[in-house]
Amino acid sequence: MLGALSHIRICDLSGQLAGAGATRFLAAFGAQVIRVEDPVRKGAWDIVRGSGPYKGEPGLETSGGFNNHNVEKLGITINLREERGKELLRELVAVSDAVTENFASGVLARMGFPYDELARIKPDIVYVSNSGFGNDGPYSSFKTWGPIVQAVCGLTFESGLPDLPPAGWGYSYMDHMGAYSMAVALLAGLVHHSRTGEGQWIDMACVEAGTTFTGPDLLDYTVNDRPLRRPGMPDSNHSHSPLMAPHAIYAAAGDDNWIAIACRDDADWARLVDVIGERWAEERRGDSLARRVAAQADLDARIGAWTSGHDRFELAARLRAAGVPANAVQQPGERIEHDPATTDFGLWPVTTHQVIGEMPADGVPVHLSETDWEIRNGAPCLGQHTRQVLTEVLGKDDAEIDALYAEGVL
Amino acid sequence: MGTTGPLHGIKVIELASERAQFAGKQFADMGADVIVVEPPGGHHTRTYGPFADDVESPEHSLWWWLYNTSKRGVVLDLDTPEGVAAFAKLAAGADVVLEGEDPGRLDALGIDHTQLRADHPELIWVSVTPYGRTTSRANEPATDLTILAGGGPAWSCGYDDHALPPVRGGGNQAAHMAGMFAVMSILTAFLAKDVTGRGQHIDVNMTACANVSTEAGSYMWHTDKITVQRQTGRHATPVLTMPSQVRCKDGRYVNTGFPPRSVKEFEALIGWLDTLGLTDDCPDAPLLQLGVERGGVSMTELSTDELASAIFGAGREAMVFIAQHIDAMEYFETGQRAGIPCGIVASPEEAFEMPHFVARGFQVEVEHDVIGRSVRYPGAPAKMPASPWGISRRAPKIGEHDAEVLG
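Just so you know, the sequences run in chain order A and B.
My numbering applies: residue 633 is where the first sequence begins, and numbers increase by one.
My numbering applies: residue 68 is where the second sequence begins, and numbers increase by one.
Shown next, in the form of structure tokens:
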């Protein structure tokens, strides 16, 4: 099958999730993503390579996370400390459409590859750098991980229950969203290039991208001078914008089992009252949204008392059948193996990895009718495709490649 | 319509919807000509607050303002044959149609994407729905909360105390994730069109978007069927970890990042204590020095080497000690300058006002005649100097561009 992006080649120096998650999307659509890693430190700049959980024995090639973030990529090693290694990277840049990286700001330039040099090698190159705070400004030297990005940009603060510390995000949400922002920037840069022939350096600051995801709360401040840091906020299991009530996550039968229920309007509330079928609810059937919001704490307590006697899946199905938005808070195994919203969609492809063997991975949550994604190959082992890429892409012969290995360049 | 963005000249018809409007905004701010089609009286999201100057009118919804920058707006009544015909005509002249209707609704109205695409083979048609258009759950009701609960994020977010419920991450993230995947997919379809000459249909599944955006929540399961457990302000993990979100002297929180392991990191922490004049008061300072002398600590020796474990623990304690003595903003700035990756837990408005982002031009002024003043918006998610991002106009009023678009 001809992939949507089979005509695109990326020289990919990125890693972790914030970078690898961006080029992963393009690779799934057939772009030739050539991941360049350091043979001396065995790719250790990317802390996910070699980190648990492991599929099999702990090691550089058995990280489940690394496999997940790097499906369908080619992996090569080049020692960029060596002049001959730099020359090889120049050769690769010269035949690539884009260069991607998420080092700290300025690192690639110090390695000898500032944008001016990339553009000298390939005048129309699309270069995307993704750092925490971007290439200029007083914080440009500051370093980040996903949890720091989401803390500084406002997203951690927005997530929590009233009068408690921020709950934040229990994972690097901004590594995902930063990766998506990087992918949008890269793809938009490629579209601009295809229409004008022009390349450019796209400078992405992951914290800025994060602030664009904080939603209407920010305008409440810039327009109404109403900060989100105020008593009773954040309160993110309730819905202030749009205003809804009842709207929360309630305890269900069993240990640490929960169900989310949202009433979008008066009609949803009436449907919920029907399902609850208890006198206290019936008496409040006609309550307006304003009254339900005013009585929200009491409503939550009564609804929670009711839900705690029910199986979360059975109750959620009954509520949805009645027209009320509801879902069990699903654990990983439940949503991955038993939810038709993912399994019917073909969301979990099985990859084949040279060392790990077969292992499922995250798919892409969209389908394109003519040129859909395909994920079959797992992440590359360190240097797995070095010889192949040097032969097929850079036109080296076996003797040259053997010599480069012998000289410690690969 | 922008004149400089990377998507300048691309024509998008967006049927107003909560699910698709963020994707439309991104296209519009990147220069595409996006026309948002609303029903008579305005789209439902105009009733979403907060409202400018707290005036509850459809022209004051800050939700509408935020998600509809740079677009033009028209009103069509799709419950009439004239409205359907006008929509079909707009769609036929577009590069992209973007909609977030419940599956089946447009077919019932006689707006059939397969027919329009057959007549206009280059058209890209994007449908954003809670469960995807073809799954057995396609027609079930959903909101942001229920998608994040069923799709994985909520299970990983909350507090150490599991008597408290899991937490929905704030800020309308189900639509944001889907919006990102919609834009990535449309741009991919554009690049494919360079080769194939044909458009296509794109089916964006919001629940699936959440499912693949949970990091270790998913890949720990893929790897070894491991289930992560939520913790306060840090990663959900199979085995509970030490806190990394610490309260500072002013009551605000910081994320301390990871405690030092390498010599360089121990030296950075020692240097930071010195800069703050806190070395003599910090009971853990001598152990940090030992960390330097013994060449750092490795994670693998923590369970077997008591001294390594004590030194590693001292790093974390020293960070907590510093937090107790200074304010959160000072912690963030002085820690970073000492070489320690850390961050203040800022509210969105505090992030927005940081001089760093102001210096980078992240604050963008947009004139709003309805309230007679300009409003600051968050700016470009990425700087593209050859094809700059920009907000070309405020969100449209109801039917503001009927005459120029519909004639």
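Idealized CB from N, CA, C, for every residue including glycine.
Considering only Gln296/B, Gly318/B, Arg314/B and Asp317/B, the residue with the shortest C-alpha distance to Thr308/B is Gln296/B. Around the Cβ of Asp179/B, a 10 Å sphere holds fewer than 16 other Cβ atoms; the residue is exposed. One thing to note: Gly218/B has its Cβ no nearer than 8 angstroms to the Cβ of Tyr805/A. With its beta carbon at least 8 angstroms from every one in chain B, Thr732/A lies outside the interface. Scanning its chain for C-beta atoms nearer than 6 angstroms, with the 5 sequence neighbours on each side dropped, one finds around Leu720/A the residues Ile710, in chain order. Ranked by Cα distance from Thr112/B, the first of Phe379/B, Tyr444/B, Val101/B and Ser124/B is Ser124/B. At a Cβ-Cβ threshold of 8 angstroms, Ala884/A and Asp943/A count as neighbours. Judged by DSSP secondary structure, Cys643/A falls within the beta strand (DSSP E) whose first and last residues are Arg641 to Asp644. Along the length of the stretch 754-795 of chain A, whole beta strand (DSSP E) runs at least 3 residues long occupy 758-763, reported in chain order. The C-beta distance from Ser370/B to Arg328/B rounds to 15 angstroms, too long to fall under 8 angstroms, and the pair is not in contact. Listed along chain B is no residue with a C-beta nearer than 7 angstroms to that of Leu1026/A; the closest approach is about 24 angstroms. Listed in chain order, the positions of the stretch 382-394 of chain B with a beta carbon within less than 8 angstroms of a beta carbon of chain A would be empty, since no residue qualifies.
Comparing C-alpha distances from Gly909/A to each of Leu951/A, Gln928/A, Leu875/A and Thr983/A shows the shortest one belongs to Leu951/A. With 16 or more other CB atoms across the displayed protein chains lying within 10 angstroms of its CB, His879/A is buried.
Of the residues assessed, Lys292/B falls on the exposed side of the cut-off, its CB having fewer than 16 other CB atoms within 10 angstroms. Taken in chain order, the unbroken stretches of alpha helix (DSSP H) that lie wholly in the stretch 81-166 of chain B and span 4 residues or more are 88-96, 129-134 and 148-159. Within its own chain, the residues whose Cβ lies closer than 8 angstroms to the Cβ of Leu819/A, once the five positions on either side in sequence are excluded, are Leu658, listed in chain order. Taking one beta carbon from each stretch, the stretch 796-803 of chain A and the stretch 451-471 of chain B have fewer than 3 pairs nearer than 8 angstroms; the two do not touch. Ile214/B and Asp1030/A have their C-alpha atoms some 53 angstroms from each other.
Proximity of Phe333/B to chain A, defined by a Cβ-Cβ separation below 8 angstroms, is not satisfied. Cβ neighbours of Asn699/A within its own chain (closer than 8 angstroms, five residues either side excluded): Lys687, Thr983, His985, Ile988, Met991, Ala993, Gly1010 and Ala1011. For Gln240/B, the three-state secondary structure derived from DSSP is helix. Between the stretch 244-260 of chain B and the stretch 145-161 of chain B, the count of Cβ pairs shorter than 8 angstroms is below three; the stretches do not touch. Contact annotation, Pro859/A with Ser414/B: C-beta distance approximately 6 angstroms; criterion of less than 8 angstroms satisfied. 8 angstroms or more divides the Cβ of Glu1006/A from the Cβ of Ala676/A. In terms of CA proximity to Arg265/B, Ala256/B leads the group Ile80/B, Ala256/B and Tyr134/B.
Arg461/B sits buried, since 16 or more C-beta atoms from the chains shown fall within 10 Å of its C-beta. Sixteen is the threshold: when 16 or more other Cβ atoms of the shown chains lie within 10 Å of the Cβ of Gly682/A, as they do, the residue is buried. Flagged as an interface residue toward chain B: Gln832/A, by a C-beta distance shorter than 8 angstroms. Around the beta carbon of Arg139/B, 16 or more other beta carbons sit within 10 angstroms, so the residue counts as buried. Within the stretch 285-316 of chain B, contact with chain A at the beta-carbon level (separation under 9 angstroms) is assigned to Ser285, Tyr286, Met287, Trp288, His289, Thr290, Asp291, Lys292, Ile293, Thr294, Val295, Gln296, Arg297, Gln298, Thr299, Gly300, Arg301, His302, Ala303, Thr304, Pro305, Ser311, Gln312 and Arg314. In summary, Pro107/B is exposed, with fewer than 16 beta-carbon neighbours lying within 10 Å of its beta-carbon over all protein chains present.
In the same chain as Thr776/A, and ignoring 5 residues on each side of it, the C-beta atoms closer than 6 angstroms to its own belong to Gly764, in chain order.
In this model, Tyr747/A and Leu724/A are separated by some 15 angstroms (Cα to Cα).
Chain A has no Cβ within less than 8 angstroms of the Cβ of Thr196/B. Annotated three-state conformation of Gly707/A is strand, per DSSP.
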